[in-house]
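A.B. asks:
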Amino acid sequence: MSIKIDNLTYIYSQNTPFEKKAIDNVSLEIEEGEFVGLIGHTGSGKSTLIQHFNGLLKPASGNVYVNNIDIHSKEKPLREIRQKVGLVFQYPEHQLFEMSVYKDVAFGPTNMGLEKEEIDKRVKEAISIVGLGEETYEKSPFELSGGQKRRVAIAGVLAMKPDVLILDEPTAGLDPRGRDEILDEISKLHEELGITVILVSHSMEDVGKYVERIIVMDEGKVRYDDIPKKVFNHIEELESMGLGVPQVTYLMQELKKKGFLVTNEVTTIQEA
Ligand code: ADP
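When you read off a place in the sequence shown, starting at 1, and then add 76, the result is the number in our numbering.
(1) Report the three-state DSSP secondary structure of Leu-125 (helix, strand or coil).
(2) Sorted by chain position, which residues of the same chain lie with C-beta nearer than 7 Å to Pro-135's C-beta, five sequence neighbours on each side aside?
(3) Which term fits Asp-251, buried or exposed, when burial requires 16 or more other beta carbons within 10 angstroms of its beta carbon?
(4) Per DSSP, what are the beta-bridge partners of Asp-146 in this structure?
(5) State the Cα-Cα distance for the pair Arg-158 and Asn-130, rounded to the nearest angstrom.
(6) For Ala-231, tell me which candidate among Met-317, Lys-285, Phe-183 has the shortest Cα-Cα distance.
(7) Measuring alpha carbon to alpha carbon, tell me which of Val-206, Glu-105, Pro-93 ends up nearest Glu-268.
(8) Check the DSSP bridge columns for Lys-80 and list the partner residues they point to.
(9) Can you pull the DSSP bridge partners for Leu-243?
(10) Under the criterion of a Cβ to heavy atom distance below 8 Å, does Lys-297 qualify as lining the ligand ADP?
(11) Check whether the Cβ atoms of Val-177 and Ile-203 sit closer than 9 Å, and answer yes or no.
(12) I'd like to confirm something about Asp-244: is its beta-carbon nearer than 8 Å to some heavy atom of the ligand ADP, or not?
(13) How far does the alpha helix (DSSP H) with Asp-196 in it extend, from its first residue to its last?
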């Protein structure tokens, strides 16, 4: 499933004194099966942009196409798009409310009106994909750790079998170990399920080593859109946008500036 954004502009509180242009004429395309990082400082427009991907927000101008169909053209019901483009919000655990993990994950598929057997299959699969065991089925989500709660919330979206999975700051508020675990898990599910994954983050360090493509947003615009290695070349510009590059990249570039020949990004540094 592909997503295409064409000259998209979005303005909050339009025609009021509080008017704010959050997305400024953005065009981009995400192909089926890609693993993309959407990076930008707080307030750069990331959350606003992803809410257009599944029709939660309607552009002030411009178009959104999912599989080449304009999602606001009324040809396709938005409900269907929202199941296919799954969005995991920031701090999704705040939306867990059922008595058990099983019931929480079953909520989405149940609302889709699926058969009981299908729901059961999906719930068990989703819980397993996010790395949780059967012993969690009957637990209250509130008994779980922060990282586990977040996995349950992700499982709830996966159980709807989306073609595209968008995660808004999935590591927010987790400790470094929890962060690595959840990112490893997301990366695994991209590989194993082959679904398109869009990872939203304000941290290059977190996301750079996992994704195949980075889209950098700043003040509602796309500044860079390339493979991580090429995006990281713009260290100074990124810093001026409040973004750092991974430490190892920074070090390599400093060495290059000092005349060292850096032959391999990770392993070999030799004097020029
Ligand atoms: P990010 O996800 O990168 O932090 P957002 O998309 O949340 O950025 O915000 C982009 C801009 O839109 C910011 O200036 C923010 O203050 C503004 N904004 C976000 N949500 C609202 C809202 N509900 N009403 C008015 N302005 C908003």
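Beta carbons: idealized from backbone N, C-alpha and C, even for Gly.
C.D. replies: Reading off the structure:
(1) helix
(2) In its chain, beyond the 5 residues on either side, Leu-84, Thr-85, Tyr-86, His-128 have a beta carbon closer than 7 Å to the beta carbon of Pro-135.
(3) exposed
(4) Tyr-141
(5) 5 Å
(6) Phe-183
(7) Val-206
(8) Glu-105, Tyr-141
(9) Val-164, Leu-275
(10) no
(11) yes
(12) yes
(13) Here the alpha helix (DSSP H) through Asp-196 covers 192 to 205.
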